[in-house]
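Here the working numbering is used: the first residue of the sequence shown is 39, the next is one more, and so on.
Don't be surprised by glycine CBs; every beta carbon is placed ideally from N, CA and C.
So the structure is just underneath, and the comments pick up after that.
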Amino acid sequence: MPGGDDSMTIASNVKQTLASLEGAKATMEMYGQISQEEGARQTFRRNAQRLEEVLELLRQRLQTLELEEPQYKGF
């Protein structure tokens, strides 16, 4: 199937990116809780929220990819 391998690669790459960003978000949230300085806590929390916004966009993109190429769902 033409382009099939590309779709699988794209979906796999998006999933890997999601996992990495979810880890980064968790780290930001942790630092936001344990930082001694209020300014640092706010910065970490703000960046965690920004990452959540990016994650939501990537989740939507992944959903679209899986709808377009259902054979790759779950890869």
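If you check the CB distance, residue 67 and residue 82 come in under 9 Å.
A Cβ-Cβ contact shorter than 9 Å links residue 49 with residue 100. The beta carbon of residue 85 lies closer than 6 Å to those of 66 in the same chain, with the five residues before and after it left out. According to the DSSP assignment, residue 74 belongs to no alpha helix (DSSP H), since it is labelled neither H nor E. DSSP places residue 107 outside both helix and strand once states are collapsed to three, so it counts as coil.
Leaving aside the five residues that flank residue 97 on each side, the residues in its chain whose CB is nearer than 8 Å to its CB run, in chain order, 56. Taking C-beta separations shorter than 8 Å and ignoring five residues to either side along the sequence, the partners of residue 73 in its chain run 79 and 82, following chain order.
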